[in-house]
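According to the numbering used here, the sequence shown is numbered sequentially starting from 35.
All residues carry an ideal CB built from backbone N, CA and C; glycine is no exception.
Take a look at the structure set out below.
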Amino acid sequence: MNVKQMHGILYCSSCQDEVPHTITYINDKIKSVECDECNYTLSFNVDVMKEFYDEIYNKISTKPSRITEEYRANLSLFLKRLPVRIISKPYRVLRSLNTSRKIIKKYK
35 MNVKQMHGIL YCSSCQDEVP HTITYINDKI KSVECDECNY TLSFNVDVMK EFYDEIYNKI
95 STKPSRITEE YRANLSLFLK RLPVRIISKP YRVLRSLNTS RKIIKKYK
């Protein structure tokens with residue numbers, strides 16, 4: 035799960051002018067839009083747990099096809115990298131879960 039912040043010039047109904055805003059996305063869905071001048075925030079309901087479950091489901095369900103594509107593209111390279119990937123996978127999963135847990139805590 036990832037959180038992105040973008041900056042843009044939008045019309046603020048509080049300031050009555052076009053001013054810089056910070057837009058916060060959670061997995062490509064807008065979570066909030068905050069005016070940088072007056073700090074007026076417009077928040078949207080994003081079900082963080084649903085986003086997390088959807089992301090996990092998508093990763094698990096597409097894994098077989100992604101592995102198949104990799105070994106069909108270059109079998110020798112796939113076999114060469116496989117032992118390192120198997121060893122490092124638990125650490126990558128743990129890092130991803132910790133990042134997601136922090137996001138869930140912050141935005142739930």
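Kindly indicate which three-state DSSP category residue i falls into: helix, strand or coil?
| i | result |
| --- | --- |
| D88 | helix |
| V80 | coil |
| K38 | strand |
If we ignore side chains and look at the alpha-carbon of each, how far apart do residue i and residue j end up?
| i | j | result |
| --- | --- | --- |
| V67 | V118 | 42 Å |
| V80 | D70 | 22 Å |
| L76 | A107 | 46 Å |
| I142 | I120 | According to the sequence shown, residue 142 is Lys rather than Ile. Spanning the two alpha carbons is a distance of roughly 33 Å. |
| N92 | Q39 | 23 Å |
| V53 | K140 | 27 Å |
| L116 | T133 | 25 Å |
| C72 | V82 | 27 Å |
| D88 | T96 | 12 Å |
| K123 | D51 | 49 Å |
| I57 | V37 | 10 Å |
| L113 | E103 | 13 Å |
| Y45 | Y74 | 12 Å |
| I43 | P98 | 43 Å |
Report buried or exposed for residue i, applying the criterion of at least 16 other Cβ atoms within 10 angstroms of its Cβ.
| i | result |
| --- | --- |
| K63 | exposed |
| H55 | buried |
| I60 | buried |
| L35 | The sequence shown places Met at residue 35, not Leu. Looking at its Cβ environment, which holds 16 or more other Cβ atoms inside 10 Å, M35 is buried. |
| K136 | exposed |
When DSSP builds the beta bridges, which residues end up paired with residue i?
| i | result |
| --- | --- |
| I64 | Y59 |
| E52 | Y45 |
Among the candidates the options, whose CA atom is the shortest distance from the CA of residue i?
| i | options | result |
| --- | --- | --- |
| I94 | L44, V127, F112 | V127 |
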